[in-house]
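J.: This is the structure I want to talk about, given as structure tokens.
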Amino acid sequence: MTARWPSLVLPTTLADHAEAAVSAAVLIHRLVAERFGGAVRIGIGINTGVVIAGTIGGGGKLEFTLIGDTVNVAARVEQLTKTTGDAILLTQQCIDALGTRPPGLIDRGFHVLKGKSAAVQVFGLDHETNARVDLTR
-19 MTARWPSLVL PTTLADHAEA AVSAAVLIHR LVAERFGGAV RIGIGINTGV
31 VIAGTIGGGG KLEFTLIGDT VNVAARVEQL TKTTGDAILL TQQCIDALGT
81 RPPGLIDRGF HVLKGKSAAV QVFGLDHETN ARVDLTR
């Protein structure tokens, strides 16, 4: 599936990018649950930091991508959802970037991630918090 990005707002221009990421994750989780009645389980990992963003490709086929350590950590955290059982996991960096700490965060501890020398602390969102996150942005 190829996404088209006619107009792109980069996270550096979005002051509340962490809140937007959490809201988007909650919305995705909610829509998948509604559509598939719980028969499909998804995992979402959210991390905050500097990335390299741009288009790659050629010959009329360009795709937007993000690369960098921040993206790699988010991908590894997404894989942790299989171990922790959470639908959404946030890194401490994401929590630090949020304007207000969401209620109902569950500390899932420090985890060693492939390619990282230091363990990364992650947090899950309880199911009630998932239902309460404001998506009216």
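If you count by the numbering used here, then the sequence shown holds residues -19 to 117, one letter each, in order.
Ideal placement from N, C-alpha and C gives every residue a C-beta, glycine not left out.
#1: Using three-state DSSP, classify L115 as helix, strand or coil.
#2: For chain C, check one thing: does any of its Cβ atoms lie closer than 8 Å to the Cβ of G95?
#3: Measure from the alpha carbon of K96 to the alpha carbon of each residue in L42, A(-5), V51, then state which is nearest.
#4: State the start and end residues of the unbroken beta strand (DSSP E) segment that holds D87.
#5: Pair every Cβ in the region 3 to 12 with every Cβ in the region 27 to 42, then say whether three or more of these pairs are closer than 8 Å.
#6: Within its chain, find whatever has a CB closer than 7 Å to the CB of V20; leave out the 5 residues flanking it on each side and keep chain order.
#7: If you run the structure through DSSP and keep just helix, strand and coil, what is V102?
#8: So I26 and H9 are supposed to be a Cβ contact under 8 Å. How far apart are they, rounded?
#9: For L104, count neighbouring Cβ atoms within 10 angstroms of its own Cβ and tell me buried if that reaches 16, exposed if not.
T.: Checking against the coordinates, here is how it stands:
#1: The residue labelled residue 115 in the question sits at position 135 within the sequence shown. Reliability of the predicted coordinates at L115 is poor, the pLDDT of 46 falling under 50, and no value is obtained from them.
#2: Absent from the structure is chain C; it holds one protein chain and no more.
#3: By one-based count along the sequence shown, residue 96 stands at place 116. It is V51.
#4: Looking up residue 87 in the sequence shown gives position 107. Residues 85 to 91.
#5: In short, these stretches do not touch, since the Cβ pair count stays below three.
#6: As a position in the sequence shown, residue 20 is number 40, starting the count at 1. Closer than 7 Å at the Cβ level, and outside the excluded window around V20, lie V12.
#7: In the sequence shown, residue 102 corresponds to position 122, counting from 1. Secondary structure of V102 (DSSP, three-state): strand.
#8: As a working mapping, residue 26 is identified with position 46 in the sequence shown. As a working mapping, residue 9 is identified with position 29 in the sequence shown. Going by Cβ atoms, the distance from I26 to H9 rounds to 12 Å, so no, they are not a contact pair.
#9: If you number the sequence shown from 1, residue 104 lands on position 124. Residue identity check: residue 104 is Gly in the sequence provided, not Leu. That one is buried.
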